[in-house]
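K.L.:
This structure is in structure tokens; I'll ask about it shortly.
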Amino acid sequence: MSEAVDKKRNRKHYGGQRSKRQRVSRELDVGMQGILITCNMNERKCTSEAYNLLNEYADELYGPEKFADGQDSGSEEDGNEDEDDAEAALKKEVTQMRESSAKGRRRFQAMGSGANNVVFIRTQNLEPDQLVHHILQELHTTKKKKSRVILRMLPVCGTCKAFPEDMDKYLSSFLEPFFKAPAQASYQIAFKARNSSHNKRDDVIKTLAALVGKLNPKNKVDLTNPELTIIIEVIKSVCCVSVVKDYILFRKFNLQEVAKNDSAPSQEPKTTPAASSSSSDKPPQADQEQPEQKKGECAEAAEPQTTEATGNGSAEQCRTNATPAEGAE
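Have a look at this one:
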């Protein structure tokens, strides 16, 4: 009887030890860099497409990903095998990839974003804004469509807690390289909040515009063709920040729109003579972003919720380009 009790105690003891193991965070959190990717109802397919696309262009910019040799990745017999053995080399590479993933050292690693239809890819040892700009530049030039479910791809160069005092402190230092005298630029502000009710749009925009004006009064707002765009993406209690170029040129970083051929002739539907004569006076409308929306689709599918501050950086006026409800996703 006593032996059975001892076995039960030992099982409980070992179970307690297993529960104390540290778990690697798999959620978007403060201090991370990466890429926010919006999709259309298929997050798993979106993640797969993102891995393929990011690895393809990261190899062009930074070279193939290198994995650190694990000390316990193989036995002595494996070490003595011929290096030309393809099977042994493949097995070793797979082992190294698994160890790097377990330790969070991979160049790209999918994390939970905290919002529906949004995928967050954490990056290591690279500049996410540089990589995303390179991808969009290539798609804009070649007009090759390389994704089916990915909608927008937004770099995240910094993160902080999404509370006013934390955002003010973090952004004051984050924006200095771009807007503090003698640096100056025309700019706009793109703001989006998901699953967050403690950040009011007007308050964030006014505070941010006042901060940019304080860094350098010569910073001017340009809603038509700004040199820089400040992207603020709030998800739950995390604020994601980045400053990007060519935001308007690259269709607000929408991969589907960037790959469209603007010079392609429009196909006019067949109409009766009366209908064609009545519509001949109307000029053709080009570059209209009208992606199909499905049930449950995130608000970004058709048009990102963007807010631009107007004025000289003192937050005199604010204008909103789209009006879907905040946190609807």
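Numbering follows the working numbering, with no gaps: position 98 of the sequence shown is 79. The beta carbon of each residue, even a glycine, is placed where N, CA and C say it ideally should be. No experiment lies behind these values; they were computed from the predicted model shown.
Quick one: Cα of residue 207 to Cα of residue 190, how far?
P.N.:
On the sequence shown, residue 207 is found 226 positions in, with the first residue counted as 1. On the sequence shown, residue 190 is found 209 positions in, with the first residue counted as 1. About 14 Å.
K.L.:
How far does the beta strand (DSSP E) with residue 313 in it extend, from its first residue to its last?
P.N.:
One cannot answer for residue 313 here, as it falls past the ends of the chain, which runs -18 to 310.
K.L.:
For residue 168 versus residue 202, is the C-beta spacing smaller than 8 Å?
P.N.:
Translated into positions along the sequence shown, residue 168 becomes position 187. Translated into positions along the sequence shown, residue 202 becomes position 221. The answer is yes: Cβ separation under 8 Å.
K.L.:
Looking at the secondary structure, which residues open and close the alpha helix (DSSP H) in which residue 188 lies?
P.N.:
Taking the sequence shown and counting its residues from 1, one reaches residue 188 at position 207. Taken as a continuous stretch (DSSP letters only), the alpha helix (DSSP H) holding residue 188 covers 182 to 196.
K.L.:
Residue 158 by DSSP, collapsed to three states: which one?
P.N.:
Here residue 158 is taken as the residue at index 177 of the sequence shown, counted from 1. Helix at residue 158.
K.L.:
Check this for me: beta carbons of residue 136 and residue 215, under 8 Å apart or not?
P.N.:
Along the sequence shown, read from residue 1 onward, the residue named residue 136 stands at position 155. Along the sequence shown, read from residue 1 onward, the residue named residue 215 stands at position 234. Cβ distance not < 8 Å, so residue 136 and residue 215 don't count as in contact.
K.L.:
By the three-class DSSP mapping on this structure, what secondary structure does residue 232 have?
P.N.:
As a working mapping, residue 232 is identified with position 251 in the sequence shown. Here residue 232 sits in helix by DSSP.
K.L.:
Any idea which residues DSSP pairs residue 20 with across the strands?
P.N.:
If you number the sequence shown from 1, residue 20 lands on position 39. Looking at the DSSP assignment, residue 20 forms a beta bridge with 131.
K.L.:
What is the rounded straight-line gap between the Cα of residue 237 and the Cα of residue 88?
P.N.:
Here residue 237 refers to the residue found at position 256 of the sequence shown. Here residue 88 refers to the residue found at position 107 of the sequence shown. When rounded, the distance between both Cα atoms is 25 Å.
K.L.:
Tell me whether residue 8 is buried or exposed, calling it buried when 16 or more other Cβ atoms sit within 10 Å of its Cβ.
P.N.:
As a working note, residue 8 is residue 27 in the sequence shown. Its Cβ having fewer than 16 others within 10 Å, residue 8 is exposed.
K.L.:
Taking the alpha-carbon positions, what's the residue 138 to residue 223 distance?
P.N.:
Working through the sequence shown from its first residue, we reach residue 138 at position 157. Working through the sequence shown from its first residue, we reach residue 223 at position 242. Cα to Cα, the separation comes out at about 5 Å.
K.L.:
Counting only the same chain and skipping the five closest in sequence on each side, list residues whose C-beta sits under 8 Å from that of residue 42.
P.N.:
As a position in the sequence shown, residue 42 is number 61, starting the count at 1. Closer than 8 Å at the Cβ level, and outside the excluded window around residue 42, lie 107, 111, 112 and 115.
K.L.:
Mapping DSSP to helix, strand and coil, what is residue 311?
P.N.:
Residue 311 lies beyond the range of the chain shown here (-18 to 310); nothing can be said about it.
K.L.:
What is the DSSP secondary structure of residue 239, reduced to helix, strand or coil?
P.N.:
Start at 1 with the first residue of the sequence shown, and residue 239 comes out as number 258. Residue state, collapsed to three classes: helix.
K.L.:
Is residue 144 buried or exposed, if buried means 16 or more other CB atoms sit within 10 Å of its CB?
P.N.:
Along the sequence shown, read from residue 1 onward, the residue named residue 144 stands at position 163. With fewer than 16 Cβ atoms within 10 Å of its Cβ, residue 144 is classed as exposed.
K.L.:
If you follow the beta strand (DSSP E) that residue 214 is in, where does it begin and where does it stop?
P.N.:
On the sequence shown, residue 214 is found 233 positions in, with the first residue counted as 1. Note, residue 214: beta strand (DSSP E), 209 to 216.
K.L.:
In terms of residue numbering, what span does the beta strand (DSSP E) encompassing residue 92 cover?
P.N.:
The residue given as residue 92 occupies position 111 in the sequence shown. Element bounds for residue 92: 89 to 92.
K.L.:
For residue 131, which of 117, 11 and 86 has the nearest alpha-carbon?
P.N.:
The residue you call residue 131 lines up with position 150 of the sequence shown. Considering only alpha carbons, the answer is 117.
K.L.:
Taking the CB atoms as reference points, tell me whether residue 142 and residue 239 lie closer together than 8 Å.
P.N.:
Here residue 142 refers to the residue found at position 161 of the sequence shown. Here residue 239 refers to the residue found at position 258 of the sequence shown. Cβ distance not < 8 Å, so residue 142 and residue 239 don't count as in contact.
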